[in-house]
Each structure stands twice: as structure tokens, then as C-alpha cells.
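Trainee: Below: one structure in C-alpha cells.
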Amino acid sequence: WSIEDDRVLRDLKVSKVSWKRISMVMDHRPIAELKKRWIDIQDDKHKACEVRKVYRLDGEDDDWYFDEKYDKERHVSFSSSTDEDEDEDADDDSRSRRSKTKRIYYIDNEFTLDEVLLLHQIAAGWKKDRWETISSRFNQKTGRDITPAQAKSVIND
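Number 38 in the UniProt record's numbering belongs to position 38 of the sequence shown; there are no gaps in the numbering.
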């Protein structure tokens, strides 16, 4: 987990976004993993408060990273991959494996969170439809009957 990932998770939870949507925004990470990280972030906030009390730093250090009052309205969107020639199959990895391409989150007033999530849902559907199209074309040309998963595994291996 990077600091940026923690910040995005914190901003989305403070905005009362559902775990399902947070999972979509954060590269389809499993919801259980997100909840565990959220608990860890909260524990760190309490640890930081304890450290401040022990060293009497309560008034000296305003740590906005763990501040519950840090609540600004934000819009999240994603930058496209910088390498257009890169094989897009890296994005089709299972949800348990992380993508090889680092996604960059940035704040944008042009799109709402719902619009960004809709774009990701459409893109995910297109990736699924792509394998169905490939397998059906193969089946038409060869007379065989392979599934989209079989086509994907042959091409990826």
C-alpha cells in the first residue's frame, strides 16, 4: 500500500462511498483487503494520538493525514496508460494479482465519482466481451467450441 492508496481510501470512506465502489476505484482490490487496510489506517490514527500524548506533542504537530476533519469534496479519475503499444492483457489479470501498469489517481473536477465508476464498468465489460468475440470468431472459422476462458488462457500462455 502506498501513501497515495491510503489517501484515496480515506477520502472515499470519508465521502461515504460503498465498499463495492471503492474496490472498483482501487483496481478491483478485494473488499476484505480494503476493509483490513481501513482498520489498519484507523489503528495508525490512534497510535499517532498515543505517541503525541506520550511525547506531549498534542499542540505542536497537526497531522492532517490522520485527521478526521480533513473532508474536502473530491472527484477521482484516472490517467490512461502511457505506453499504448503495451499488451493490454496485463490489465486482464485476475483480481488477486496486481496489474503491471501503475495506475495514477488524480483529482479532476470534470468527472464525478459515479461517472468514473461507470467508465470503469464499461471498460471491464468490454474486456470480457473481447474474449467472447475472439472465441466465437475462432469457433466460426474452425468449427470447434472453445470458451472465452480457454481462448484467453491459450493467448496469455
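Every residue gets a Cβ at the ideal spot worked out from N, C-alpha and C, and that includes glycine. Only a predicted model underlies this, so the values are computations on that prediction, with no experimental measurement involved.
When the distance is taken between beta carbons, is residue 152 closer than 8 Å to residue 126?
Mentor: Looking up residue 126 in the sequence shown gives position 126. Looking up residue 152 in the sequence shown gives position 152. No. Outside cutoff.
Trainee: Looking at residue 26: is its Cβ nearer than 8 Å to the Cβ of residue 6?
Mentor: Here residue 26 refers to the residue found at position 26 when the sequence shown is read from its first residue. Here residue 6 refers to the residue found at position 6 when the sequence shown is read from its first residue. Cβ atoms of residue 26 and residue 6: not closer than 8 Å.
Trainee: Hey, how far is the Cα of residue 135 from the Cα of residue 146?
Mentor: Within the sequence shown, numbered from 1, the residue matching residue 135 stands at position 135. Within the sequence shown, numbered from 1, the residue matching residue 146 stands at position 146. If you take the alpha carbons of residue 135 and residue 146, they lie about 6 Å apart.
Trainee: Leaving out the 5 sequence neighbours to the left and right, which residues in its chain are closer than 6 Å to residue 121 when beta-carbon positions are compared?
Mentor: Translated into positions along the sequence shown, residue 121 becomes position 121. The answer is none, since no qualifying residue turns up.
Trainee: Which residue spans inside the segment 104-152 form an unbroken alpha helix (DSSP H) run of at least 4?
Mentor: As far as the segment 104-152 is concerned, its whole alpha helix (DSSP H) runs of at least 4 residues are 113-142.
Trainee: Between the Cα of residue 123 and the Cα atoms of 28, 8, 17, which residue gives the shortest distance?
Mentor: Residue numbering aside, residue 123 sits at position 123 when the sequence shown is read from its first letter. Considering only alpha carbons, the answer is 28.
Trainee: Work out the CA separation of residue 8 and residue 32 for me, nearest whole Å.
Mentor: By 1-based counting over the sequence shown, the position of residue 32 is 32. By 1-based counting over the sequence shown, the position of residue 8 is 8. Using only the alpha carbons, I get a separation of about 17 Å.
Trainee: Can you find the residues in the same chain that come closer than 6 Å, C-beta to C-beta, to residue 83, ignoring five residues on each side of it along the sequence?
Mentor: Start at 1 with the first residue of the sequence shown, and residue 83 comes out as number 83. Annotation note: pLDDT 48 at residue 83 (below 50); position unreliable, no value reported.
Trainee: What are the complete alpha helix (DSSP H) segments, minimum 4 residues, inside the UniProt domain "HTH myb-type" (1-46)?
Mentor: With a minimum length of 4 residues, the continuous alpha helix (DSSP H) runs that stay inside the UniProt domain "HTH myb-type" (1-46) are 3-14, 19-25.
Trainee: Determine the contact status of residue 34 and residue 23, defining contact as a CB-CB distance below 8 Å.
Mentor: The residue given as residue 34 occupies position 34 in the sequence shown. The residue given as residue 23 occupies position 23 in the sequence shown. Cβ distance < 8 Å, so residue 34 and residue 23 count as in contact.
Trainee: Using the Cα positions of residue 39 and residue 15, report the straight-line distance between them to the nearest angstrom.
Mentor: Numbered from its first residue, the sequence shown carries residue 39 at position 39. Numbered from its first residue, the sequence shown carries residue 15 at position 15. Looking at the two C-alpha atoms, the distance is approximately 17 Å.
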